[in-house]
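Letter 346 of the sequence shown, counting from 1, is numbered 349 in my numbering, and no numbers are missing.
Virtual Cβ for every residue (Gly too), placed ideally from N, Cα, C.
None of these values were measured; they are calculated from a predicted model.
A short worksheet on the structure shown next.
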Amino acid sequence: MSNLDFFDVENNTSSFNSSLSDLFIYKESIYAGYLNFSRKWNKWSLNAGTRFEYTDIDGDSQSLGIVNTQEYFEPFPTFSLLHTINNNNSIEFAYARRLERPRYQSLNPFKYFINENNYNGGNPNLVPAIDNKYSISYSYKNKLVFEAYYIDRKNKLSILTFQDNINSTLRNVDVNLISDINYSFDVTYNTSIKDWWYFWAYTSFYYNENKFYALESIQETYSNDTFATYVQLYNGFTLSKDKTFTSDVTFMYISNTIEGSYDYENQYNLSISLRKSFWDKRASVSVGVDDVFNSFYVPISSRYYNQDNSYFPHIESRLFKLNFKYNFGNARLRDNNRSSRIDESDRLD
Numbered sequence: 004m005s006n007l008d009f010f011d012v013e014n015n016t017s018s019f020n021s022s023l024s025d026l027f028i029y030k031e032s033i034y035a036g037y038l039n040f041s042r043k044w045n046k047w048s049l050n051a052g053t054r055f056e057y058t059d060i061d062g063d064s065q066s067l068g069i070v071n072t073q074e075y076f077e078p079f080p081t082f083s084l085l086h087t088i089n090n091n092n093s094i095e096f097a098y099a100r101r102l103e104r105p106r107y108q109s110l111n112p113f114k115y116f117i118n119e120n121n122y123n124g125g126n127p128n129l130v131p132a133i134d135n136k137y138s139i140s141y142s143y144k145n146k147l148v149f150e151a152y153y154i155d156r157k158n159k160l161s162i163l164t165f166q167d168n169i170n171s172t173l174r175n176v177d178v179n180l181i182s183d184i185n186y187s188f189d190v191t192y193n194t195s196i197k198d199w200w201y202f203w204a205y206t207s208f209y210y211n212e213n214k215f216y217a218l219e220s221i222q223e224t225y226s227n228d229t230f231a232t233y234v235q236l237y238n239g240f241t242l243s244k245d246k247t248f249t250s251d252v253t254f255m256y257i258s259n260t261i262e263g264s265y266d267y268e269n270q271y272n273l274s275i276s277l278r279k280s281f282w283d284k285r286a287s288v289s290v291g292v293d294d295v296f297n298s299f300y301v302p303i304s305s306r307y308y309n310q311d312n313s314y315f316p317h318i319e320s321r322l323f324k325l326n327f328k329y330n331f332g333n334a335r336l337r338d339n340n341r342s343s344r345i346d347e348s349d350r351l352d
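In structure tokens form, the structure reads like this:
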């Protein structure tokens, strides 16, 4: 349930404003079943399974008098076939069909004003995004991995911004894109360069295309696409013989990317941390800086047909962090329940 009460205050007297207040009641029931099969023979390994899911949704915007119900049944198969050529080489083919549900607030049609000229509005007609991923990978000594994959995502969840030049307003709307297509070639490498120096690198070269309805442009469709590169480097250093003093250095770079109608310019980030353990590693103190150069500045623009808007967010990405940790009792905690709820908690953001 989402509840927002808005009051007008005049002469120290508050009065309830129903037109700017919101009450949204959302109910969702999910029923699922699983089938799994696995087999190993010679140098082959096969894993296959399917999750069957039935979902019943009821969203009630009592402020706007809008009720939306949905029911859908979907199978989500997964498949992988691994061939171990020898101790150093293996190749794998995999397929997976997955689902991403809308955030709860994205289904609420109520308008939330950021300021008098800019507001967000949910969409009760959103449906889950479903993607099909096909991949083939080659691994050498479990250190070097090449992977090529193709993802076809239908009804991708996104936000489109539409400008009204007459009224000088921006409307941010949750939508399902028509399609989101990715072709990618990835390389992952890890090694211990020295006993005290661990190195890990990941690079992705990919093509991404988003197709959507240009709702404010006489209902035409529009395709936004780009070739891009993603690089992440990690260095882990052990700075003492007893391995209680360590350091991490992480670098990330993303070239021009897209999201719906928006184009994101290049961005990079360098983070450094130090960690010292005490008392047989039951306690530790760590200090670090995220985004050392305060570089995570991402100009974003949307230009197509009769739309031309942009903004320049400069998030507080450079952070100084100081942390003390002490483990009481058994340090090996069971995280099964907590990890199983991660996907659902993300939908609350």
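Quick one, are the C-beta atoms of R278 and S264 less than 7 Å apart? What you label residue 278 is simply residue 275 of the sequence shown in a count that begins at 1. What you label residue 264 is simply residue 261 of the sequence shown in a count that begins at 1. It is not a contact, given that the beta carbons lie outside the stated cut-off.
- With 16 as the cutoff for other CB atoms within 10 Å, does P127 come out buried or exposed? As a first step, residue 127 must be located in the sequence shown, where it is residue number 124. Buried, since its Cβ has 16 or more Cβ neighbours within 10 Å.
As an exercise, report each continuous beta strand (DSSP E) stretch of at least 3 residues that is fully enclosed by the region 56-97, in chain order.
69-87
How would you call I60, buried or exposed, if buried means at least 16 neighbouring beta carbons within 10 angstroms?
In the sequence shown, residue 60 corresponds to position 57, counting from 1. I60 counts as buried, since at least 16 other C-beta atoms from the protein chains shown sit within 10 angstroms of its C-beta.
How would you write the range of the beta strand (DSSP E) that F240 sits in, first residue to last? Reading the sequence shown from its first residue, position 237 is the one you call residue 240. Here the beta strand (DSSP E) through F240 covers 223-241.
Notebook entry, point to check: When burial is assigned at 16 or more other CB atoms within 10 Å of the CB, is A35 buried or exposed?
Noted result: For the purposes of this step, residue 35 is taken as the residue at position 32 of the sequence shown. With fewer than 16 other Cβ atoms within 10 Å, it is exposed.
Q) How many Å lie between K271 and L129 at the Cα? A) Reading the sequence shown from its first residue, position 268 is the one you call residue 271. Reading the sequence shown from its first residue, position 126 is the one you call residue 129. Checking the sequence shown, residue 271 turns out to be Tyr, not Lys. If you take the alpha carbons of Y271 and L129, they lie about 33 Å apart.
message = Only counting the same chain, and skipping five residues up and downstream in sequence, which positions put a Cβ closer than 6 Å to that of K30?
response = The residue labelled residue 30 in the question sits at position 27 within the sequence shown. If we look at K30 and ignore the five residues flanking it on each side, its Cβ neighbours are D61.
Check your understanding: Helix, strand or coil for L102 per DSSP?
Key -> For the purposes of this step, residue 102 is taken as the residue at position 99 of the sequence shown. Assigned with DSSP and collapsed to three states, L102 falls in strand.
Roughly how many whole angstroms lie between the Cα atoms of T58 and G125?
-> As a first step, residue 58 is located in the sequence shown; it is residue number 55 there, counting from the start. As a first step, residue 125 is located in the sequence shown; it is residue number 122 there, counting from the start. C-alpha separation (whole angstroms): 20 Å.
Residues that DSSP places opposite Y152 in a beta bridge | As a first step, residue 152 is located in the sequence shown; it is residue number 149 there, counting from the start. S138, S187.
TODO: Determine the contact status of T229 and N211, defining contact as a CB-CB distance below 7 Å.
DONE: Sequence index remark: in the sequence shown, residue 229 carries index 226 (1-based). Sequence index remark: in the sequence shown, residue 211 carries index 208 (1-based). Taking 7 Å as the Cβ cut-off, T229 and N211 qualify as a contacting pair.
Here's a check: name, in chain order, each residue in its chain whose Cβ is nearer than 7 Å to the Cβ of T314, leaving out the five neighbours to either side. Numbered from its first residue, the sequence shown carries residue 314 at position 311. The residue you asked about is not Thr; residue 314 is Tyr in the sequence shown. These residues qualify, in order along the chain: I303.
> In terms of alpha-carbon separation, which member of L102, Y216, L322 lies closest to S310?
Replying inline: Here residue 310 refers to the residue found at position 307 of the sequence shown. As written in the sequence, residue 310 is Gln, which differs from the Ser given in the question. If we check each option's Cα against that of Q310, Y216 comes out closest.
**OP:** Pick out whichever of K43, K328, F79 has its Cα sitting closest to the Cα of L53.
**Re:** Taking the first residue of the sequence shown as 1, we reach residue 53 at position 50. Inspection of the sequence shows that residue 53 is occupied by Thr rather than by Leu. T53 has its Cα closest to that of F79, out of K43, K328, F79.
If you draw a straight line from the alpha carbon of T249 to that of G239, how long is it in whole angstroms? To locate residue 249, count along the sequence shown from 1; it is residue 246. To locate residue 239, count along the sequence shown from 1; it is residue 236. The straight-line gap from Cα to Cα measures roughly 7 Å.
Contact defined as beta carbons within less than 8 Å: I believe Y152 pairs with S138. What is the distance between those atoms, to the nearest angstrom?
As a working mapping, residue 152 is identified with position 149 in the sequence shown. As a working mapping, residue 138 is identified with position 135 in the sequence shown. For a cut-off of 8 Å, the C-beta gap from Y152 to S138 is around 4 Å, short enough to register as a contact.
| said: So, for L85: in the same chain, excluding its five sequence neighbours on each side, which residues have a beta-carbon less than 6 Å away from its beta-carbon? | reply: In the sequence shown, the residue the question calls residue 85 occupies position 82. Excluding its 5 nearest sequence neighbours in each direction, L85 has C-beta neighbours in its own chain below 6 Å: S48, E95, listed in chain order.
**Request:** Name the residue from Y307, Y237, A97 whose alpha carbon lies nearest to the alpha carbon of E223.
**Result:** Position 220 of the sequence shown, counted from the first residue, corresponds to residue 223. That would be Y307, whose Cα lies nearest to the Cα of E223.
Item checked: Through-space distance from V290 to N326, alpha-carbon basis -> Here residue 326 refers to the residue found at position 323 when the sequence shown is read from its first residue. Here residue 290 refers to the residue found at position 287 when the sequence shown is read from its first residue. Inter-residue distance for N326 and V290 is about 6 Å (C-alpha atoms, whole angstroms).
*asked:* Report the CB separation of S93 from S142 in whole angstroms; it is logged as a contact under 8 Å.
replied: As a position in the sequence shown, residue 93 is number 90, starting the count at 1. As a position in the sequence shown, residue 142 is number 139, starting the count at 1. At roughly 5 Å, the Cβ-Cβ gap stays under 8 Å, so S93 and S142 are in contact.
query: When you compare only the Cα positions, how much space is there between S187 and Y107?
result: Walking along the sequence shown from the start, residue 187 turns up at place 184. Walking along the sequence shown from the start, residue 107 turns up at place 104. Approximately 31 Å between the Cα atoms of the pair.
Measuring alpha carbon to alpha carbon, tell me which residue in D155, S320, I162, N123 is nearest N135. Against the sequence shown, residue 135 aligns to sequence position 132. The candidate whose alpha carbon is nearest that of N135 is D155.
message: Within a Cβ cutoff of 6 Å, which residues of the same chain sit near E74, ignoring the five residues on either side of it in sequence?
response: Here residue 74 corresponds to residue number 71 of the sequence shown, with the count starting at 1. Correct list, in chain order: D59.
(request) Enumerate in chain order the residues of its own chain whose CB-to-CB distance from D2 is below 6 Å, with the five nearest sequence positions on each side excluded. (result) No statement about residue 2 is possible, as the shown extent of the chain runs from 4 to 352 and does not include it.
| request: Determine the contact status of D251 and S276, defining contact as a CB-CB distance below 7 Å. | output: Looking up residue 251 in the sequence shown gives position 248. Looking up residue 276 in the sequence shown gives position 273. Yes, they are a contact pair.
- What residue range is occupied by the uninterrupted beta strand (DSSP E) comprising R174? As a working note, residue 174 is residue 171 in the sequence shown. Unbroken beta strand (DSSP E) run through R174: 172-179.
Candidates F202, V190, L102: closest to T232 by CA position: By 1-based counting over the sequence shown, the position of residue 232 is 229. Out of F202, V190, L102, V190 has the C-alpha closest to the C-alpha of T232.
Check the C-beta distance from S175 over to T164 and give it rounded, since I have them as a contact under 8 Å.
Taking the sequence shown and counting its residues from 1, the one referred to as residue 175 is at position 172. Taking the sequence shown and counting its residues from 1, the one referred to as residue 164 is at position 161. Checking the sequence shown, residue 175 turns out to be Asn, not Ser. Confirmed, about 5 Å.
Just curious, the beta strand (DSSP E) that K214 is in, first and last residue?
-> The count along the sequence shown starts at 1 and reaches residue 214 at position 211. For K214, the uninterrupted beta strand (DSSP E) run begins and ends at 200-217, by DSSP.
* Asked: Between the Cα of Y256 and the Cα atoms of P112, A204, S274, V234, which residue gives the shortest distance?
  -> As a first step, residue 256 is located in the sequence shown; it is residue number 253 there, counting from the start. Among P112, A204, S274, V234, the Cα nearest to that of Y256 belongs to V234.
Handout entry: Three-state secondary structure (DSSP) of Y107
Key = By 1-based counting over the sequence shown, the position of residue 107 is 104. If DSSP states are grouped into helix, strand and coil, Y107 belongs with the helices.
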